[in-house]
Ligand SMILES: [Zn+2]
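In my numbering, the protein residues as written are 4 to 282.
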């Protein structure tokens, strides 16, 4: 079964918050380290989560930027994140940062080397480093870039994090839009990397000029997640984590769990896009 989870800043009330999530039948929590990365997560939280089959993962600060050359700082963040992920036996998600004046081709080898160095220094065994697809034109992280980088690094500990809302915003709401678009993206990752991606972000998103503006309810069906769910089922994806970022994630997850049961029943609610239908 897929695990649906929320993203929220890591704070002092983590014990109460995890309890609340479990009581609401939420399966996972991606802890956002907005203010820096803790040395350790209290063992009590980890044990408690394990007892309920609840998955913890984390998101590293947005200060990481592999588009510039402050390599020591970047490596330091990645190492700390990998250590926490090792403790959680889970994923540390991060964004690659911004192109600035550079092109992807001028960034990718340096990004590869920084990530390899962080893996070497942390020497983690179970941790995964998740490289996320981004939702802004200036932010490094298209589908092709993420795939290329993961292949360049060539280390099983580095995995893709597919943020469906980000891809959709970056393509100004035109892709992925059709059922087949979702199948194509999933098949591309699987074919290029040799395994099924298993860590996703999604929800509803508002966008403008190919940039994300803000997260909104998944019920807006932008992107049309029922198509994604149908594609996942068709391609036999059963074991993955889906982190929902929206103003009321708990409510959205309750709804998405219903959608997961019978995605095709929601197809006729998907907003139509005339321009796409003309293609
Ligand atoms: Zn992210």
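Here a beta-carbon is modelled for each residue, glycine too, at the ideal position from N, C-alpha and C.
Just so it is clear, the structure is predicted and the values come from calculations on it, not from any experiment.
Using beta-carbon positions only, say whether residue 201 and residue 231 come within less than 8 angstroms of one another.
No, the Cβ-Cβ distance between residue 201 and residue 231 is not below 8 angstroms.
Quick check: is any heavy atom of ligand 1 less than 7 angstroms from the C-beta of residue 218?
No, since every heavy atom of ligand 1 falls outside the 7 angstroms radius drawn around the Cβ of residue 218.
With the cut-off set at 8 angstroms, would you say residue 67 and residue 102 are in Cβ contact?
The answer is no: Cβ separation not under 8 angstroms.
So who's on the other strand from residue 59, going by DSSP bridges?
According to DSSP, residue 59 bridges with 32.
Taking all protein chains shown into account, do 16 or more other C-beta atoms lie within 10 angstroms of the C-beta of residue 65, making it buried, or fewer, making it exposed?
Residue 65 is exposed by the Cβ-count criterion.
Given 8 angstroms as the limit, is there contact between the segment 209-227 and the segment 168-183, that is, 3 or more CB pairs closer than that?
Result yes; three or more Cβ-Cβ pairs closer than 8 angstroms.
According to DSSP, residue 11 sits in a beta bridge with which residue or residues?
34.
Run the proximity test for residue 94: is its beta-carbon closer than 7 angstroms to any non-hydrogen atom belonging to ligand 1?
No, Cβ of residue 94 sits at least 7 angstroms from all heavy atoms of ligand 1.
Among the residues of its own chain, which have a CB less than 8 angstroms from the CB of residue 191, if the five just before and after it don't count?
If we look at residue 191 and ignore the five residues flanking it on each side, its Cβ neighbours are 146 and 150.
What residue range is occupied by the uninterrupted beta strand (DSSP E) comprising residue 117?
Premise fails: residue 117 lies in the alpha helix (DSSP H), 107-125, not in any beta strand (DSSP E).
So residue 229 and residue 262 are in contact, right, with Cβ under 8 angstroms, and what is the actual spacing, rounded?
Their Cβ separation, rounded to whole angstroms, is 6 angstroms, which keeps residue 229 and residue 262 in contact under 8 angstroms.
Taking 7 angstroms as the cut-off, is the CB of residue 148 close to at least one heavy atom of ligand 2?
As far as ligands go, the structure on display features ligand 1 and does not contain ligand 2.
What would DSSP say about residue 181, mapped onto helix, strand or coil?
Coil, per DSSP.
Go ahead and label residue 81 buried or exposed: buried means 16 or more other beta carbons lie within 10 angstroms of its beta carbon, across all protein chains shown.
Residue 81 comes out buried.
May I ask you to report which of helix, strand or coil DSSP gives residue 163?
Strand.
Would DSSP call residue 98 helix, strand or coil?
In the structure shown, residue 98 sits in coil (DSSP, three-state: anything other than H, G, I, E or B).
What is the residue span of the beta strand (DSSP E) that residue 1 lies within?
The displayed coordinates of the chain run from 4 to 282. Any statement about residue 1 would go beyond what the structure contains.
Measuring alpha carbon to alpha carbon, tell me which of 242, 71, 26 and 117 ends up nearest residue 287.
What the structure shows of the chain is the stretch from 4 to 282, and residue 287 is not part of that stretch, so it cannot be assessed.
Hey, is residue 135 close to ligand 1, as in C-beta under 7 angstroms from one of its heavy atoms?
Yes, the Cβ of residue 135 comes within 7 angstroms of a heavy atom of ligand 1.
Grab the span of the alpha helix (DSSP H) containing residue 231 for me, first residue to last.
Per DSSP, residue 231 belongs to the alpha helix (DSSP H) from 228-237.
Given a cut-off of 8 angstroms on the beta-carbon distance, is the pair residue 44 and residue 83 in contact?
No, the pair does not count as a contact, with Cβ atoms beyond the cut-off.
Using the C-alpha atoms, what's the distance from residue 57 back to residue 12?
Each residue's alpha carbon lies about 17 angstroms from the other.
Alpha carbon to alpha carbon, how far is residue 159 from residue 88? Give it in angstroms, no decimals.
Going by the C-alpha atoms only, they are around 14 angstroms apart.
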